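Asks: So in the numbering used here, spot 332 of the sequence shown is number 383, and the numbers just go up one at a time.
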Amino acid sequence: MPTQQTFPPTSPGTSPRTAPRGSDQRASRIDSAAVVVAAADVAKIAAEHAQAAERDRRLAPVVVRSMLDAGFARHFVPRRHGGDAGTFEEIVRAVTVVGEGCTSAAWAASLTASLGRMAAYLPEAGQRRIWAGGPDTLIVGALMPLGRARREEGGWRIHGTWPYVSVIDHADWALVCAMTTEERPVARFFAVPRGSWHTEDTWSPVGMRGTGSNTLHIQDVFVADELTFTREAIATGAADLAEAPCHRVPLKAVNGLCFAAPVVGAARAAVAAWREGTAPRHTSASGGLESSAAVVLGRAAAEADTAALLLETAARAADTGRVTDLQTARSSRDCALAAELATAAVDRLFTSAGTRAHQEAAPLQRHWRDAHSAAGHVVLGFAGAAETYARALQREQ
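1. I need the straight-line Cα distance from A229 to A121, nearest angstrom please.
2. Out of curiosity, what's the CA-to-CA distance linking G432 and G167?
3. Whose CA, out of R245, P313, W213, T212, lies closest to the CA of R180?
4. Since A369 contacts F139 with CB under 8 Å, what's their CB separation in whole angstroms?
5. Between V86 and A97, what straight-line distance do the alpha-carbon atoms span, to the nearest angstrom?
6. D370 by DSSP, collapsed to three states: which one?
7. Using C-beta distances below 8 Å, list every residue in its chain close to D220, excluding the 5 sequence neighbours before and after it, in chain order.
8. Which residues does DSSP list as the beta-bridge partners of P301?
9. For H221, does the three-state DSSP call read helix, strand or coil?
10. Between which two residues does the alpha helix (DSSP H) carrying G177 extend?
11. Specify the secondary structure class of G211 as computed by DSSP and reduced to three states.
12. To the nearest angstrom, how far is it from the Cα of T231 to the Cα of W213?
13. Checking the sheet assignment: what are the DSSP bridge partners for C228?
14. Which residues does DSSP pair with N265 in a beta bridge?
15. Grab me the residues of L296's own chain with a C-beta within less than 6 Å of its C-beta, minus the 5 sequence neighbours each way, in chain order.
16. Going by Cα to Cα distance, which pick from G134, A159, D107, N306 is closest to S117?
17. Quick one: what's E203 bridged to in DSSP?
18. From the DSSP output, in three-state form, read off A70 for me.
19. State yes or no: is the C-beta of T394 within less than 9 Å of the C-beta of A422?
20. Please go through the same chain and pick out, in chain order, the residues whose beta-carbon is closer than 7 Å to the beta-carbon of H268, but skip the five residues on each side of it.
21. According to DSSP, is T57 helix, strand or coil?
22. Determine whether the Cβ of L226 lies closer than 9 Å to any Cβ atom of chain C.
23. By DSSP, does T65 sit in helix, in strand, or in coil?
Now the structure itself:
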């Protein structure tokens, strides 16, 4: 199990004694959050089952159970339903820690938390149904409007096929997006309970194999009005019953955090794996790293730490609950850049590790595959994010 690193990393020459008091207090608060404290145990369990997740192309039930017990599903659930209505900074920290054990588990933990936040946009009656059994309900989701919804009395009749639904095998509810068949079609989310869909085993990727992102099929299922909301509501952050900042931010201001944090976790895991497996072969008799190896490790660690700091900044902005268009664009830009930096760190370490790192049993090759697969998500594309940010910045003049 990789050694957990301090998040955020302390800058050279800065100690807790010299750090600003406000920053120190905030870091202490984040570190003591229940989900962050519990994340280390999830990482340990996930690491122990990582090879099984690769083989089975899904997470082991014990890993999912540990994730739920740690509080990932309840993290953004409104307090009136027993949840924590927590912060983005806490979840980014916790997901990154889990990623040091298994990137697929971190992805699952991050999406589980994110879908709990999205379900808070349902009407109150729908929320009561979702969390009737408690706030640890595991919700999965499909954000693309690939289904169709026909209006009926009291609700909607939906059908469709949604690929790449992560952790679907363990889900209690699914939140899927469909276009209405009205004269002016509208994209809406619909919450459907387990038993309303069937799953097709289609997930066989190079990396992130443990996410179990299979295909979900729904055929002619009725969904009551209390279990649906418009995609525009989550896009703009307009939750009717918002009780915390986490329910008042636009999706684009925080969506990148969900996908980038597991990549940062993979980068930190790669640093730990390289130190354990590669560094000893480049250490002199006196115990010091050879110069070229030291540069590789130093730069990779810096890239991983910088990526983490970018996510922390974006998370802190979202936690205010008051995010401007420019801040939203900057968040998307920074999450994409963080994923690039974290992937570059893994590339640097993997390239320098030699043939041993290419063996199937070597942890470094798994981190390399996972980082590239996760960073390839469309939300983390840097070109589009940079263009949007640049235009938003120019409008500020």
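Even glycine gets a Cβ: it sits at the ideal position worked out from N, Cα and C.
Bear in mind the structure is a predicted one, so any value in this text is a computation, not a measurement.
Replies: Short version:
1. Residue numbering aside, residue 229 sits at position 178 when the sequence shown is read from its first letter. Residue numbering aside, residue 121 sits at position 70 when the sequence shown is read from its first letter. So the alpha carbons of these two residues sit roughly 32 Å apart.
2. As a first step, residue 432 must be located in the sequence shown, where it is residue number 381. As a first step, residue 167 must be located in the sequence shown, where it is residue number 116. Their backbone Cα atoms lie some 25 Å apart in a straight line.
3. Position 129 of the sequence shown, counted from the first residue, corresponds to residue 180. Distances from the alpha-carbon of R180 to those of R245, P313, W213, T212 put R245 closest.
4. Numbered from 1 along the sequence shown, position 318 holds the residue referred to as residue 369. Numbered from 1 along the sequence shown, position 88 holds the residue referred to as residue 139. F139 and A369 do touch by the CB rule: their CB atoms are close to 5 Å apart, below 8 Å.
5. Position 35 of the sequence shown, counted from the start, is the residue given in the question as residue 86. Position 46 of the sequence shown, counted from the start, is the residue given in the question as residue 97. If you draw a straight line from the Cα of V86 to the Cα of A97, it is about 15 Å long.
6. The count along the sequence shown starts at 1 and reaches residue 370 at position 319. Residue state, collapsed to three classes: coil.
7. As a position in the sequence shown, residue 220 is number 169, starting the count at 1. Here the set comprises R109, T250, G263, N265.
8. Taking the sequence shown and counting its residues from 1, one reaches residue 301 at position 250. Note: P301 sits in no beta bridge, so no partner.
9. One-based indexing of the sequence shown puts residue 221 at position 170. H221 falls in the helix class under three-state DSSP.
10. Start at 1 with the first residue of the sequence shown, and residue 177 comes out as number 126. Element bounds for G177: 175 to 181.
11. The count along the sequence shown starts at 1 and reaches residue 211 at position 160. When DSSP states are grouped into helix, strand and coil, G211 belongs to the strand group.
12. Here residue 231 is taken as the residue at index 180 of the sequence shown, counted from 1. Here residue 213 is taken as the residue at index 162 of the sequence shown, counted from 1. Roughly 16 Å between the two C-alpha positions.
13. As a position in the sequence shown, residue 228 is number 177, starting the count at 1. Paired residues: P196, F240.
14. Position 214 of the sequence shown holds residue 265. In the DSSP output, where bridge partners are listed per residue, N265 has V216.
15. To locate residue 296, count along the sequence shown from 1; it is residue 245. Note that residue 296 is Pro in the sequence shown, not Leu. Within the same chain, P296 has close Cβ partners D370, G372.
16. Taking the sequence shown and counting its residues from 1, one reaches residue 117 at position 66. The residue with the shortest Cα to Cα distance from S117 is A159.
17. As a position in the sequence shown, residue 203 is number 152, starting the count at 1. BP columns for E203 point to G206.
18. Sequence index remark: in the sequence shown, residue 70 carries index 19 (1-based). Its pLDDT being 43, under 50, A70 is placed unreliably by the model, and nothing is read from it.
19. As a position in the sequence shown, residue 394 is number 343, starting the count at 1. As a position in the sequence shown, residue 422 is number 371, starting the count at 1. Going by C-beta atoms, T394 is nearer than 9 Å to A422.
20. Residue numbering aside, residue 268 sits at position 217 when the sequence shown is read from its first letter. Taken in chain order, the residues that qualify are T212, W248, H249, E251.
21. Position 6 of the sequence shown, counted from the first residue, corresponds to residue 57. In this prediction, T57 scores a pLDDT of 40, lower than 50, which makes its location untrustworthy; the coordinate-derived value is nonetheless stated afterwards. In the three-state reduction of the DSSP assignment, T57 falls in the coil class, being assigned neither a helical nor a strand state.
22. The structure shown has no chain C; it contains just one protein chain.
23. Locating residue 65 in the sequence shown gives position 14, counting from the first residue. Note that T65 scores 39 on pLDDT, short of 50, meaning its location in the model is unreliable and no value can be drawn from it.
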